[in-house]
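Residues are numbered in our numbering as their position in the sequence shown, beginning at 1, plus a constant of 61.
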Amino acid sequence: MLFLGFSAGLPFPLVFSTLSAWLARLGVEKTTIGFFSWIGITYSIKFIWAPVIDTLPVPVLTRLLGKRRSWMLLGQLLIAAGLTAMALTDPLNHLTLFAVYALIVAFGSATQDISIDAWRIEAADTLYQGAMSANYVIGYRLGAVLVGGYVALYLAGSSSWPVAYHCMGLCMAVGVITALLISEPVHRPSDETLMGEAVLAEKLGVRHQQTLLTSVHTWFVVAVISPFVDFFKRNRWMALAILALIGCYRISDITMGVMAYPLYIDLGFSEIQIGEVAKVFGWLMLIAGGLLGGLTVVRYGLMYPLLLGAIIIPVTNLLFIWLSVTSPSLVKLAMVIAFDNISGGFASTVFIAYLSSLTNTNYTATQYAIFSSIMTLPGKFIGGFSGVIVDAVGYAWFFLYAACIGLPAIVLVWYLLRRAACSKDTACFSDSR
């Protein structure tokens, strides 16, 4: 899980924060950098092709590796190819082509994420999901922060950005080797699930004749409609509140993250300084927050740590206002990053465990992809306009706005927590699937 987390985390900053630093150093306008972050929306719409990953094989690879590992490997190969292509392209003279290659990286990364999330949930019992999530977060942050962040920035500062991206493509070998070595989990749909799919297919008029049209119709019902029906059946009308929470929970820090690195560049920090403080030191703070989140879930369950995470994310984002209006200092930068990363590591670990508790293992890839997509889509979309806001009113007002849009998550967690107190029999409020 640690190595798979690394492989999942590595490409994310390379199409998000690290990429923003590259574009900012080249003098690209903040508005353009903000719109470039929309490439990350690929992560937020992965539920569209998650049913394909959940049900259809990859030619040759699935027969050799199994369902989860074959899709995992395919995504990793796309990431490596896309990063290499980005390294060979000049962003200033071929910005559109550069964006296409970044999109390939994001698509491959999202495909890998779907497979890894499904493997994580299926490979271990509910009792160990907190530990699996904690190790995933540690590995993810190791890849995203220390390697995709610090090492990439250090290589860019000491050599060049193309060299940095070439090296990042080679680092995907960690994920490839892991995918080849791990075991494929057992896929056994329960009798209840099979019966529910049969009833749903009958109600929708699906017949069992072996024609192409009916086969596609049947696949659509089983792979796409059934996961949605299952989720709403288990959670009834409270499913709407849960989905609203998933959409709001990380909207504040995702939106803020688009302009964090342009702020560091504008404050006069070099790539190596940003890497040492924001990545190396910041990674240690993320690990501390992640471990604290995992321990807190074990001790107090999911809902109270979930509430705490919803509170500390927008509060720590306010510290960036102070950073943007005071004189630049590495000490100040370290203080802000410490508080922000501890809160981010804590909230991420707790929220991953919460999302895992909502899934039915018969539809793991599709349901978790839906949840993680809803989690990031609002923040990614709103974050695309972050450069417009910074160009119009400055960094301080932007960070205040980013903190305020996280307030609805606090209200929703509190509401679900109160409902949980009087609805212990509702599946989504328990600490198990």
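Cβ coordinates follow ideal geometry from the N, Cα and C atoms, glycine included.
Since the model is a prediction, treat every value here as computed from it, not as a measurement.
Rounded Cβ spacing between I199 and L63 (contact assumed at less than 8 Å) = 6 Å
request  = For the alpha helix (DSSP H) holding L301, just list the boundary residues, first then last.
outcome  = 299-309
key: Nearest candidate by alpha-carbon position, reference T150, set G204, Y201, V224   = V224
query = Mapping DSSP to helix, strand and coil, what is I106?
reply = coil
Within 9 Å, strictly: CB atoms of G445 and G95 = yes
request  = Identify, in the order they occur along the chain, each residue of the same chain with its Cβ nearer than 7 Å to the Cβ of S385, setting aside the five sequence neighbours on each side.
outcome  = L324, Y456, A457, F460
message = Given a cut-off of 9 Å on the beta-carbon distance, is the pair M436 and I307 in contact?
response = yes
key: CB-CB length for V26 against A395, believed under 8 Å   = A question about residue 26 goes unanswered here, because the residues of the chain that appear run from 62 up to 494.
message = If contacts are defined as beta-carbon pairs under 8 Å, then W83 and R129 qualify, I think. What distance do you get, rounded to the angstrom?
response = With a Cβ gap of about 33 Å, W83 and R129 do not count as contacting.
message = Quick check: the stretch 460-480 against the stretch 399-416, are at least 3 beta-carbon pairs closer than 8 Å?
response = no
task = Evaluate contact between the stretch 407-427 and the stretch 105-113, counting only Cβ atoms and requiring at least three cross-stretch pairs below 8 Å.
result = yes
request  = Buried or exposed for R124, please, with buried defined as at least 16 other CB atoms from any protein chain shown within 10 angstroms of its CB.
outcome  = exposed
request  = Using alpha carbons as the reference points, say which of V358, W344, M299, I348 lies closest to L473.
outcome  = M299
ask   = Taking I312 as the reference, which of R295, L356, P375 has the closest Cα?
value = P375
inquiry  = With distance defined between alpha-carbon atoms, name the residue in C228, S404, T172 nearest to G370.
reply    = S404
request  = Just the C-alpha distance for F241 and V454, rounded to the nearest angstrom, thanks.
outcome  = Checking the sequence, you will find Leu at residue 241 rather than Phe. Those two C-alpha atoms are separated by around 50 Å.
Residues near Y415 in its chain [Cβ-Cβ closer than 6 Å; skip 5 each side] = L363, L367
inquiry  = So, with DSSP's three-state summary, where would you put H155?
reply    = coil
task = Measure the C-alpha to C-alpha separation of A488 and I102 and round it to an integer number of angstroms.
result = Because the pLDDT at A488 is just 45, under 50, the model does not fix this residue reliably, and the value given afterwards should be weighed accordingly. Answer to the nearest angstrom: the Cα atoms are 30 Å apart.
ask   = Does the distance from the C-beta atom of G354 to that of F407 stay below 9 Å?
value = yes
query = Where F73 and L144 are concerned, what is the direct C-alpha to C-alpha distance, given to the nearest angstrom?
reply = 11 Å
message = Is it buried or exposed, N378, if we count other Cβ atoms within 10 angstroms and call 16 or more buried?
response = buried
ask   = Quick one, are the C-beta atoms of V206 and W344 less than 9 Å apart?
value = yes
query = Looking at the C-beta of F293, does it have a partner C-beta in chain D at a distance below 9 Å?
reply = Going by chain labels, chain D is absent from the structure shown, which holds only one protein chain.
Backbone secondary structure at L394 - three-state DSSP = helix
ask   = Along the chain, where does the alpha helix (DSSP H) that runs through W383 open and close?
value = 380-386
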